[in-house]
Amino acid sequence: MRLIDEEFLRHPFIGSRRLCDYLQRAGYFIIRKRIQRLMRLMGLEAVYPKLKTSTAHPQHKIYPYLLHQVEVGYPNHVWSTDITYLPMPTGFMYLVAIMDWYSRYVLACELSNTLDGYFCLDALHQRPHQVLAQQTPAEVHFARR
């Protein structure tokens, strides 16, 4: 159980099959069903995407996709934003990035330890306008849902 726990702490995304392979390579004769039982006993479950994690609320308004007929043919035509979280030892950090679709250039990014809207606005106001001041502002700004 100690070896299972140590390996699971190093790699929380592996399940019983990979733990079985790991222990067999380490010289232990063990079958997968026993590892499954021990993982259940210890309360371990591999981290993986669960079903229906992205289902929208029925009353949530669905906005139309505005870019399905747009030919992105030059820089600074369409920008997009995305927010992702970065796991840290004591919590999460949140990263927002603003990208130009044509050049795939990251125009601005900002890092925050709280998920509020202010760091997104800071990223939007900090650098894209300085880098592309000689060009026209983006005609379309697209944010993923």
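FYI, the numbering for the sequence shown is 121 to 265, going by the numbering used here.
Ideal placement from N, C-alpha and C gives every residue a C-beta, glycine not left out.
Collapsed DSSP secondary structure at residue i in the structure displayed
i: Tyr-225; result: coil
i: Asp-220; result: strand
i: Leu-231; result: strand
Proximity test, residue i beta-carbon vs the ligand ADP heavy atom, cut-off 8 Å
i: Val-198; result: The ligand content of the structure shown is nil, which means the ligand ADP is not present either.
Exposure label - residue i; buried when at least 16 CB within 10 Å
i: Met-121; result: exposed
i: Phe-239; result: buried
i: Ser-174; result: exposed
i: Ala-146; result: exposed
i: Ile-230; result: Ile is not the amino acid found at residue 230; the sequence shown has Glu there. Answer is buried; the Cβ neighbour count reaches 16.
Residue i, enclosing alpha helix (DSSP H) - first and last residue
i: Leu-244; result: 238-246
i: Phe-129; result: For the sequence presented, residue 129 should be read as Leu rather than Phe. 122-130 is the extent of the alpha helix (DSSP H) around Leu-129.
The beta strand (DSSP E) enclosing residue i, as first and last residue numbers
i: Thr-204; result: 198-208
Quick one: which unbroken alpha helix (DSSP H) runs of 4-plus residues sit fully inside the segment 134-195? Chain order, please.
-> The segment 134-195 contains these whole alpha helix (DSSP H) runs: 136-145, 152-162.
Segment contact, 8 Å Cβ cut-off, at least three pairs: the segment 156-166 with the segment 194-201 = Three or more beta-carbon pairs separated by less than 8 Å are not found between the segment 156-166 and the segment 194-201, which leaves the two stretches without contact.
The segment 148-163 touching the segment 183-197, judged by at least three CB pairs closer than 8 Å = The count of Cβ pairs closer than 8 Å, one atom from the segment 148-163 and one from the segment 183-197, stays below three, leaving the stretches out of contact.
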